[in-house]
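In UniProt numbering, the protein residues as written are 1 to 194.
The beta-carbon is built from N, C-alpha and C at its ideal position, and this holds for glycine as well.
Each remark here refers to the structure printed beneath this line.
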Amino acid sequence: MIIVMILIPLPMTFYFLGAALVFFPRLVLTRHFWTNEQRKDFWIASMKRSANLHFKPIRDRLRKLGITIPASIRDLRSLKTPPLEALSFTHLYHLCRIHHIIPFMGVRHLHRRANALRQLDRHLLHSEAVDAMSDQQLYLQLYLRRLQYYGMTIDEMRVLLKKWVHYSSAPGLKTSEYLHAPALFQHKTIHGLL
């Protein structure tokens, strides 16, 4: 919104903004104006785009470190990914883009994101919240964790989220493994985790 307010006074900007509203409404309008189906489609498209652009470079770098891919989610704690501070800039860039974080603020924001998601996971682990979630809440929870749910039924999504919460809430799980998990466990799968 701030960008729009800055650009409006410039000459001819209003016409470009009007054209953007017509041809690219997802980029200009906020999600408050979207229907539930549009939100779901946007989240699916966003996750597919992110997976296509950023999963392969991360997997290639981890293979060079001797990590077996695809791994099973049960092996989450036994993975030996390097700490976030030791990652190369390109590896960190791809990891940040998977989680929709600005790369220049990478490590600190990745830690914050992982901590916030872990708190959500712990809450979901010790409650019946997953079973009580509506479709939209399930879509949002899976999107936040970058778990691909397209082509799944609501029951399959619930199972996927429960499985993720169970294994990701394990004590001793490092931040690096937690953040790499979406790229490691969704290797060439249509439905969720291996």
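From the DSSP output, in three-state form, read off Trp43 for me. By 1-based counting over the sequence shown, the position of residue 43 is 43. If DSSP states are grouped into helix, strand and coil, Trp43 belongs with the helices.
Going by alpha carbons, who is nearest to Gln141 out of Gly151, Phe16, Lys174 and Val165? Along the sequence shown, read from residue 1 onward, the residue named residue 141 stands at position 141. For Gln141, the nearest C-alpha among the options comes from Val165.
Quick one: what's got a C-beta closer than 6 Å to Gln119's C-beta in the same chain, skipping five residues either side? Within the sequence shown, residue 119 is the residue found at index 119, counting from 1. Taking Gln119 as the centre and dropping the five residues before and after it, the same chain places no C-beta closer than 6 Å to its C-beta.
Check whether Leu138 and Met157 have beta carbons under 7 Å apart: Position 138 of the sequence shown, counting from 1, holds the residue named residue 138. Position 157 of the sequence shown, counting from 1, holds the residue named residue 157. Yes; because the gap between Cβ atoms is below 7 Å, this pair is in contact.
Below 8 Å, how does it come out for the region 121-128 and the region 68-82: are there three or more Cβ pairs, yes or no? no
Measuring only the C-alpha atoms, how far is Leu62 from Leu110? The residue you call residue 62 lines up with position 62 of the sequence shown. The residue you call residue 110 lines up with position 110 of the sequence shown. Spanning the two alpha carbons is a distance of roughly 18 Å.
Starting from the Cα of Asp131, find the closest Cα among Asp155, Ala20, Tyr93 and Thr175 and give me that residue. By 1-based counting over the sequence shown, the position of residue 131 is 131. Out of Asp155, Ala20, Tyr93 and Thr175, Asp155 has the C-alpha closest to the C-alpha of Asp131.
Residue from Phe42, Phe16, Ile69 and Arg39 whose Cα sits closest to the Cα of Ala183: If you number the sequence shown from 1, residue 183 lands on position 183. If we check each option's Cα against that of Ala183, Ile69 comes out closest.
Restricting to Cα atoms, I'd like to know which of Arg39, Phe42, Phe55 and Phe16 is closest to Phe185. Locating residue 185 in the sequence shown gives position 185, where the first residue counts as 1. Among Arg39, Phe42, Phe55 and Phe16, the Cα nearest to that of Phe185 is on Phe55.
Between which two residues does the alpha helix (DSSP H) holding Trp34 run? In the sequence shown, the residue the question calls residue 34 occupies position 34. Segment: none, Trp34 is in no alpha helix (DSSP H) and carries neither H nor E.
Tell me which residue opens and which closes the alpha helix (DSSP H) that Gln136 is part of. Here residue 136 refers to the residue found at position 136 when the sequence shown is read from its first residue. Its alpha helix (DSSP H) spans residues Asp135 to Leu144.
Would you report the Cα separation of Arg39 and Ser134, rounded to the nearest angstrom? Taking the first residue of the sequence shown as 1, we reach residue 39 at position 39. Taking the first residue of the sequence shown as 1, we reach residue 134 at position 134. Rounded to the nearest angstrom, the gap between the Cα atoms of Arg39 and Ser134 is 14 Å.
Going by DSSP, what residue range makes up the alpha helix (DSSP H) through Asn52? Here residue 52 refers to the residue found at position 52 when the sequence shown is read from its first residue. Note, Asn52: premise wrong, no alpha helix (DSSP H); not H, not E.
In angstroms with no decimal places, state the Cα-to-Cα distance between Tyr150 and Leu65. For the purposes of this step, residue 150 is identified with residue 150 of the sequence shown, where counting begins at 1. For the purposes of this step, residue 65 is identified with residue 65 of the sequence shown, where counting begins at 1. Straight across, the Cα-Cα distance linking Tyr150 with Leu65 is about 31 Å.
Roughly how many whole angstroms lie between the Cα atoms of Arg77 and Ala20? Reading the sequence shown from its first residue, position 77 is the one you call residue 77. Reading the sequence shown from its first residue, position 20 is the one you call residue 20. Arg77 and Ala20: Cα-Cα distance of roughly 46 Å.
Less than 7 Å between C-beta atoms, sequence neighbours within five positions excluded: which residues of the same chain meet that for Gly106? Residue numbering aside, residue 106 sits at position 106 when the sequence shown is read from its first letter. Taken in chain order, the residues that qualify are Leu92 and Cys96.
Is Tyr178 closer than 7 Å to Ala86 when the C-beta atoms are compared? Position 86 of the sequence shown, counted from the first residue, corresponds to residue 86. Position 178 of the sequence shown, counted from the first residue, corresponds to residue 178. Against a cut-off of 7 Å, the Cβ pair of Tyr178 and Ala86 comes out as no contact.
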